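Enquirer: Dropping the structure in here first, questions after.
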Amino acid sequence: MEAAEQIAVVWKQVRGPVIAPLLRASVMVCLAMCVILFVEKVYMAVVIVAMRLIGRHPERQWRWEPLRDDDPELGNAAYPMVLVQIPMYNEREVYKKSIGAACGLSWPSDRIVIQVLDDSTDPAIKELVQAECHRWANKGVNIKYEIRDNRRGYKAGALKEGMKHGYVKDCDYVVIFDADFQPEPDYLSRAMPFLVHNPEIALVQARWVFVNANECLMTRMQEMSLDYHFKVEQEVGSSAYAFFGFNGTAGVWRISALNEAGGWKDRTTVEDMDLAVRASLKGWKFVCLGDLRVKSELPSTFKAFRYQQHRWSCGPANLFRKMLMEIVKNQKVTLWKKIYVIYNFFLVRKIIGHILTSVFYCLVIPATVFVPEVEIPRWGYFYIPTVITLLNAVGTPRSFHLVIFWVLFENVMSLHRTKATFSGLLELGRVNEWVVTEKLGDILKMKVQSKVTKKLRMRIRERLQLLELGVAAYIFFCGSYDLLFGKRYYYVFLFMQSIAFFVVGVGFVGTLVPN
Numbered sequence: 001m002e003a004a005e006q007i008a009v010v011w012k013q014v015r016g017p018v019i020a021p022l023l024r025a026s027v028m029v030c031l032a033m034c035v036i037l038f039v040e041k042v043y044m045a046v047v048i049v050a051m052r053l054i055g056r057h058p059e060r061q062w063r064w065e066p067l068r069d070d071d072p073e074l075g076n077a078a079y080p081m082v083l084v085q086i087p088m089y090n091e092r093e094v095y096k097k098s099i100g101a102a103c104g105l106s107w108p109s110d111r112i113v114i115q116v117l118d119d120s121t122d123p124a125i126k127e128l129v130q131a132e133c134h135r136w137a138n139k140g141v142n143i144k145y146e147i148r149d150n151r152r153g154y155k156a157g158a159l160k161e162g163m164k165h166g167y168v169k170d171c172d173y174v175v176i177f178d179a180d181f182q183p184e185p186d187y188l189s190r191a192m193p194f195l196v197h198n199p200e201i202a203l204v205q206a207r208w209v210f211v212n213a214n215e216c217l218m219t220r221m222q223e224m225s226l227d228y229h230f231k232v233e234q235e236v237g238s239s240a241y242a243f244f245g246f247n248g249t250a251g252v253w254r255i256s257a258l259n260e261a262g263g264w265k266d267r268t269t270v271e272d273m274d275l276a277v278r279a280s281l282k283g284w285k286f287v288c289l290g291d292l293r294v295k296s297e298l299p300s301t302f303k304a305f306r307y308q309q310h311r312w313s314c315g316p317a318n319l320f321r322k323m324l325m326e327i328v329k330n331q332k333v334t335l336w337k338k339i340y341v342i343y344n345f346f347l348v349r350k351i352i353g354h355i356l357t358s359v360f361y362c363l364v365i366p367a368t369v370f371v372p373e374v375e376i377p378r379w380g381y382f383y384i385p386t387v388i389t390l391l392n393a394v395g396t397p398r399s400f401h402l403v404i405f406w407v408l409f410e411n412v413m414s415l416h417r418t419k420a421t422f423s424g425l426l427e428l429g430r431v432n433e434w435v436v437t438e439k440l441g442d443i444l445k446m447k448v449q450s451k452v453t454k455k456l457r458m459r460i461r462e463r464l465q466l467l468e469l470g471v472a473a474y475i476f477f478c479g480s481y482d483l484l485f486g487k488r489y490y491y492v493f494l495f496m497q498s499i500a501f502f503v504v505g506v507g508f509v510g511t512l513v514p515n
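Take a look at the structure:
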């Protein structure tokens, strides 16, 4: 008892002059970031509503008319030569679907080359992919199976190497599909007219839709985040600035623009965004087609999702560090566009958004229950976050009832994203780590159909996430203290958030796959 009393006395002596000012300063910084993010979300919502009201669709904004082969003298020459690149790495579960979809594109057979870039390290998978390419070649498809003797540069290295082959010199445009992407046959006929009729356009990006969105709660949460990204962020950038970050797949590039921008570089883990920013600084314009959809697969295991989020958070921050002065000094784009790229695209969405969520909601707000001198205004911890959440949720109306789960899950993931963001900004540790996102394809359906009853077994240390468990304990302790001694009712949120961290921490999130 004496020790506890001494600790209480020391705490009271330190709290007022030391802890309270530091915590109050943290709250002010977080509130400032909260307002910045709020203004950004409202601004994008206003732009989207205005676009809908005035009917500003890409087909109206740019010249578009279907490509025709009416001229008998030109024949198929009216269609530009297109290269389709499919980078792969040990894609046993999905390689057939992606190759089949690419080979099924409606385009003159003598005006398209399918290039499968296989970096697989498993000889058995290499044989399967090569056999699939030969099968389509026997059907008359112009398909090339390409390998290299190293994985230098990962995906960027594979794409760069693929562009060096002699037959690529005849191509005017290159389409990229990751191994889990399945374009519809009319993909090229809908995307190519923008590039053919508008010489200032370098990139046409399609929207992703997800074949496994209903697989588990975690994939539903991902769908909500990515729907907002495509339906709001990408379309605002496309309509207002003709700029957005290339998503790395389901996009068509003008090869001359790609080369002028310096081609593929592997200096970060977001080679796609790197190319997009460099091309934009050369004056090229981009178009995002929200109604052109390409089916893809979401990572359904937490391990795969975590690695993906690390790459998607670390890479942009590292690219921002590397390109900030290059953007500032650029003379080919307007000041307004430079401000948009630096402030809106990088600073607010790629850095402040991650840091605010983890620091404010998972660290600062819980800590204030111990320091009654520090008050957080209601607009800062409730009104603004509620509006931001609702604006994010409108992108996926069918999941609106899951919005509370989405908030809690996003707060959990923000911890990893913030770590990754600082790794990128400071170039620490895993800054250039590239782990290919695992795709499961139909493996789970096959297991169910074959009535596999074997229990899933995972090593405890592989399943437990100690960081999440530690944060869960901290937030639960803060909630308990607020319930017993506080008067702010934070404990309602804190208990729910601690449960979310605990569920993730013990591995009960996503799909568990038997070995």
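Under the UniProt record's numbering, the residue at position 320 of the sequence shown is numbered 320, and the numbers go up by one with no gaps.
Don't be surprised by glycine CBs; every beta carbon is placed ideally from N, CA and C.
Small disclaimer: the values here were computed from a predicted structure and weren't measured.
1) Just curious, the beta strand (DSSP E) that residue 87 is in, first and last residue?
2) Going by CA-CA distance only, name the one from 165, 23, 430 and 232 that's closest to residue 44.
3) Please confirm whether residue 374 and residue 20 have their CB atoms less than 8 Å apart.
4) What's the C-alpha gap between residue 424 and residue 414?
5) For residue 140, collect the residues of the same chain with a Cβ closer than 7 Å to its Cβ; drop the 5 residues on either side in sequence, then sort them by chain order.
6) Using only alpha-carbon positions, find the residue among 324, 350 and 349 that is nearest to residue 338.
7) Quick one: residues in its chain with C-beta nearer than 7 Å to the C-beta of residue 473, no 5 flanking neighbours on either side, listed in chain order?
8) Inspect the CB distances between the stretch 180-199 and the stretch 130-144 and report whether three or more fall short of 8 Å.
9) Contact between the stretch 377-393 and the stretch 402-414: three or more CB pairs below 8 Å?
10) Apply the 10 Å Cβ neighbour rule to residue 516 and answer buried if 16 or more other Cβ atoms are within range, or exposed otherwise.
11) Quick check on this structure: which residue in 344, 320, 87 and 341 has the alpha carbon closest to the alpha carbon of residue 421?
12) Is the distance from the Cβ of residue 187 to the Cβ of residue 67 below 8 Å?
13) Could you say which of 427, 361 and 342 lies nearest to residue 30 if we only look at CA atoms?
14) When you compare only the Cα positions, how much space is there between residue 384 and residue 88?
15) Write down every uninterrupted run of the alpha helix (DSSP H) in the stretch 111-186 whose length is 4 residues or greater and which is fully enclosed by it, in chain order.
16) From residue 508 to residue 308, what does the alpha carbon distance come to, in whole angstroms?
17) Cα separation between residue 8 and residue 471?
18) Suppose you measure from the CA of residue 164 to the CA of residue 137; what does that come to, to the nearest Å?
19) Is residue 54 buried or exposed, if buried means 16 or more other CB atoms sit within 10 Å of its CB?
20) For a test of the three-state rule: what should DSSP assign to residue 12, helix, strand or coil?
21) Closer than 8 Å is the cut-off here; do at least three beta carbon pairs connect the stretch 365-380 with the stretch 272-284?
22) Do residue 357 and residue 410 have their C-beta atoms within less than 8 Å of each other?
23) Tell me which same chain residues have a C-beta within less than 7 Å of the C-beta of residue 124, skipping the five on either side of it?
24) What span of residues does the beta strand (DSSP E) with residue 254 cover, start to end?
25) Thinking just about the alpha-carbon of each residue, which of 431, 348, 59 and 178 is nearest to the one in residue 38?
26) Checking 8 Å against the spacing of the C-beta atoms, do residue 440 and residue 91 come in under that value?
27) Do residue 364 and residue 26 count as a contact pair if the criterion is CB distance below 8 Å?
28) Tell me, please, whether the stretch 248-255 touches the stretch 297-317 by the rule of three or more beta-carbon pairs shorter than 8 Å.
29) Quick one: is residue 396 buried, meaning 16 or more other Cβ sit within 10 Å of its Cβ, or exposed?
30) Near residue 168, which residues of its chain fall below 7 Å by C-beta distance, leaving aside the five closest residues on each side in sequence?
31) Applying the 10 Å Cβ sphere with the 16-neighbour rule, what's the burial state of residue 226?
32) Would you give the residue range spanned by the alpha helix (DSSP H) that residue 331 belongs to?
33) Quick one: is residue 501 buried, meaning 16 or more other Cβ sit within 10 Å of its Cβ, or exposed?
34) Over what stretch of residues does the alpha helix (DSSP H) that includes residue 296 continue unbroken?
Expert: Result, derived from the coordinates:
1) First-last of the beta strand (DSSP E) with residue 87: 82-88.
2) The option with the nearest alpha carbon to residue 44 is 232.
3) With contacts defined by Cβ atoms closer than 8 Å, residue 374 and residue 20 form a contacting pair.
4) Near 15 Å, if we compare the C-alpha coordinates of residue 414 and residue 424.
5) Excluding positions up to five away in sequence, the list reads 109.
6) Comparing Cα positions, the closest option is 324.
7) Non-local C-beta neighbours of residue 473 in its own chain, meaning closer than 7 Å and more than five positions away in sequence, are absent.
8) The stretch 180-199 makes no contact with the stretch 130-144: fewer than 3 CB pairs, one atom from each, lie closer than 8 Å.
9) Touching, yes.
10) Because residue 516 is not part of the residues shown, which for the chain are 1 to 515, the question remains open.
11) For the options 344, 320, 87 and 341, the alpha carbon positioned closest to that of residue 421 is the one of 320.
12) No; because the gap between Cβ atoms is not below 8 Å, this pair is not in contact.
13) Closest by alpha carbon: 361.
14) In a straight line, the C-alpha of residue 384 is about 43 Å away from that of residue 88.
15) Here the runs fully enclosed are 123-138 and 154-162.
16) Going from the Cα of residue 508 to the Cα of residue 308 covers about 19 Å.
17) Here the alpha carbons of residue 471 and residue 8 stand approximately 23 Å from one another.
18) Going by the C-alpha atoms only, they are around 21 Å apart.
19) So residue 54 counts as exposed.
20) Helix at residue 12.
21) Flag = no, the stretch 365-380 and the stretch 272-284 do not touch.
22) A distance below 8 Å separates the beta carbons of residue 357 and residue 410.
23) Answer for residue 124: no residue qualifies.
24) Looking at the DSSP string, the run of the beta strand (DSSP E) that includes residue 254 is 251-254.
25) Measuring from the Cα of residue 38, the nearest candidate turns out to be 348.
26) No. Outside cutoff.
27) Note that the C-beta distance between residue 26 and residue 364 is below 8 Å.
28) Look at the beta carbons and you see the stretch 248-255 not touching the stretch 297-317: under three pairs across the two are nearer than 8 Å.
29) Flag for residue 396 reads buried.
30) Annotation for residue 168: 83 place their beta carbon closer than 7 Å to its own, counting only its chain and skipping 5 residues before and after.
31) With a 10 Å radius around the Cβ and a threshold of 16 neighbouring Cβ atoms, residue 226 comes out buried.
32) Element bounds for residue 331: n/a, residue is neither H nor E.
33) Buried.
34) Judged by DSSP secondary structure, residue 296 falls outside any alpha helix (DSSP H) and instead within the beta strand (DSSP E) spanning 285-296.
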